[in-house]
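S.K.: Numbering (UniProt numbering), first residue to last: 1 to 395.
Mind having a look at this structure? Questions to follow.
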Amino acid sequence: MVSKKIAIIVGVVVFFLSVGVSYVIFSNRLSLMLGGKKETATTISPTIDPESLEPKTQECPLNGQMMTEKQKNKWVVRRPLGIMIENHVEARPQSGISSADIVYEAVAEGGITRFMAIFYCQDAPFVGPVRSARVHFMTMLREYGDYPLYAHVGGANCDAETGSGCANGAKADALGIINRIGWGAYNDMNQFSVPFPYYWRDYERLPNVATEHTVYSSTTKLWDYAKAKRKLTQVDEEGISWDKTFTSWNFQDDAKPADRGTVSKVSFPFWDAFASDFTVTWKYDSKTNFYLRETGGKAHLDKNTGKQLQAKNVVIVFAKESPANDEYDGGHILYKLSGSGDALVFQNGTAIKATWTKKDEETRMKWYDESDKEISIVRGKVFVEILPIGNKVTY
Numbered sequence: 001m002v003s004k005k006i007a008i009i010v011g012v013v014v015f016f017l018s019v020g021v022s023y024v025i026f027s028n029r030l031s032l033m034l035g036g037k038k039e040t041a042t043t044i045s046p047t048i049d050p051e052s053l054e055p056k057t058q059e060c061p062l063n064g065q066m067m068t069e070k071q072k073n074k075w076v077v078r079r080p081l082g083i084m085i086e087n088h089v090e091a092r093p094q095s096g097i098s099s100a101d102i103v104y105e106a107v108a109e110g111g112i113t114r115f116m117a118i119f120y121c122q123d124a125p126f127v128g129p130v131r132s133a134r135v136h137f138m139t140m141l142r143e144y145g146d147y148p149l150y151a152h153v154g155g156a157n158c159d160a161e162t163g164s165g166c167a168n169g170a171k172a173d174a175l176g177i178i179n180r181i182g183w184g185a186y187n188d189m190n191q192f193s194v195p196f197p198y199y200w201r202d203y204e205r206l207p208n209v210a211t212e213h214t215v216y217s218s219t220t221k222l223w224d225y226a227k228a229k230r231k232l233t234q235v236d237e238e239g240i241s242w243d244k245t246f247t248s249w250n251f252q253d254d255a256k257p258a259d260r261g262t263v264s265k266v267s268f269p270f271w272d273a274f275a276s277d278f279t280v281t282w283k284y285d286s287k288t289n290f291y292l293r294e295t296g297g298k299a300h301l302d303k304n305t306g307k308q309l310q311a312k313n314v315v316i317v318f319a320k321e322s323p324a325n326d327e328y329d330g331g332h333i334l335y336k337l338s339g340s341g342d343a344l345v346f347q348n349g350t351a352i353k354a355t356w357t358k359k360d361e362e363t364r365m366k367w368y369d370e371s372d373k374e375i376s377i378v379r380g381k382v383f384v385e386i387l388p389i390g391n392k393v394t395y
């Protein structure tokens, strides 16, 4: 009888999801079904120990970071995973960003930025709060070979009943595009279709925040789900490797201390709206060759480690921003991220005026200096900041 009742409840949930019921309702029902089960809200160390004594002889193909043979043995049996992580003030400190190989940041809507963290060579036991899909992040994710995993909670969409998000060609309809490009129920890992325990709500990790700031996952669980339920590992169902069409960047070692530059700080807003909470500053530490991140005037921490976010490369991409004009009340926006445009690349304490190029959505974005030479990425984390054309960057 209990199983029958549970089956009925699940059926009702699936029905409501198909007609666009919000994730809040879905999650509350799921929480009730599972007796409110959730993960503990502890601060823990990353699964992969960065202080490993093993020799680091293996190059991560995404960002060039040198890692151990043991770490490589993990990544060669999986594929890149992009996870949408929110940056609302109440969502800080986020979990897992420090373990990503590459991070993209752009406004989602209303001046509030969002991250897409790309994981492949490292793991994160907690990642979140996870939020919804946006088309400009999908444009960047499509660089990562065939069928990169995409983890999110719902997404911008066209509501056929109300017409919200449907006008002007529904250009911001992330969920619709996911289906049109063949990702739906395959490499797409929308929380609406992926059950507990692969996603869960944790009301204690960030106490006293709204429900939308409580969804978490882990990279290991998502990779496990992709393998068990979607038959996606390093190869797809047809045995095709994810990296058959992937193009890596060129990499370089850290500059020697004597050769490092003196550009000690980079600062920029995204929108005038909420600028005080979302202005980003990267401070350069010449001793370690890392850039340390501040957001809204405060050190930006990762809850998993308690440490400040850092990067070896900070890349600013200037892109044409425009409203979707799709009659969505929240104001969906679009960024043109194919073609070419201006960029700034900060690495080794230097500022390089550059041009970004990306032939189409599936082509790797690369950066070229003023002599038209491709800029090599310093081995390690890359933070790509997508700003509207004309935004002022101070350095």
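Glycine included, C-beta positions come from ideal geometry on N, C-alpha and C.
So is R205 buried or exposed if we call it buried at 16+ other beta carbons inside 10 Å?
M.R.: buried
S.K.: On the CB-based measure, 16 or more other CB atoms within 10 Å of its CB, does K312 come out buried or exposed?
M.R.: buried
S.K.: What residues in its chain sit with their C-beta under 6 Å from that of A91, if we drop five residues either side in the sequence?
M.R.: P129 and H213
S.K.: Which residue wins for smallest C-alpha separation from D243, given the options L232, Q252 and D253?
M.R.: Here the closest residue by C-alpha is L232.
S.K.: From G182, C121 and D326, pick the residue whose C-alpha is nearest to that of Y147; which is it?
M.R.: G182
S.K.: With C-beta atoms as the reference, is Y395 less than 8 Å away from G349?
M.R.: no
S.K.: The beta strand (DSSP E) with T350 in it runs from where to where?
M.R.: T350 to K358
S.K.: Runs of 3 residues minimum, wholly inside the UniProt domain "DUF3048" (72-229): which ones carry the beta strand (DSSP E) assignment?
M.R.: 81-86, 102-109, 112-119, 149-152, 188-190, 199-201 and 215-217
S.K.: Pick from G155, G163, W200 and K256: whose alpha carbon is nearest that of G184?
M.R.: G155
S.K.: Does the region 245-263 come close enough to the region 272-291 to have 3 or more Cβ pairs within less than 8 Å?
M.R.: yes
S.K.: I need the DSSP call for F270, collapsed to helix, strand or coil.
M.R.: coil
S.K.: Return the bridge partner residues of L292 from the DSSP annotation.
M.R.: K283 and Q310
S.K.: What number of angstroms, rounded off, separates the C-alpha of W271 from the C-alpha of D236?
M.R.: 40 Å
S.K.: Tell me whether N179 is buried or exposed, calling it buried when 16 or more other Cβ atoms sit within 10 Å of its Cβ.
M.R.: exposed
S.K.: For A324, report the span of its alpha helix (DSSP H) as first-last.
M.R.: Premise fails: A324 is in no alpha helix (DSSP H) and is neither H nor E.
S.K.: What's the gap between the Cα of A273 and the Cα of V77?
M.R.: 43 Å
S.K.: Would you say the beta carbon of E361 comes nearer than 7 Å to a heavy atom of the ligand GDP?
M.R.: In the structure on display, the ligand GDP does not appear, and there are no ligands present to speak of.
S.K.: I need the boundaries of the beta strand (DSSP E) containing S340, first residue and last residue.
M.R.: G339 to Q347
S.K.: In terms of residue numbering, what span does the alpha helix (DSSP H) encompassing F246 cover?
M.R.: Taken as a continuous stretch (DSSP letters only), F246 belongs to no alpha helix (DSSP H), as it is neither H nor E.
S.K.: Could you give the residue range of the beta strand (DSSP E) that holds Q58?
M.R.: K56 to E59
S.K.: Suppose you measure from the CA of N63 to the CA of D253; what does that come to, to the nearest Å?
M.R.: 11 Å
S.K.: Inspect the CB distances between the region 299-318 and the region 92-102 and report whether three or more fall short of 8 Å.
M.R.: yes
S.K.: Work out the CA separation of D101 and P55 for me, nearest whole Å.
M.R.: 19 Å
S.K.: Taking only three categories from DSSP, how would you classify A275?
M.R.: helix
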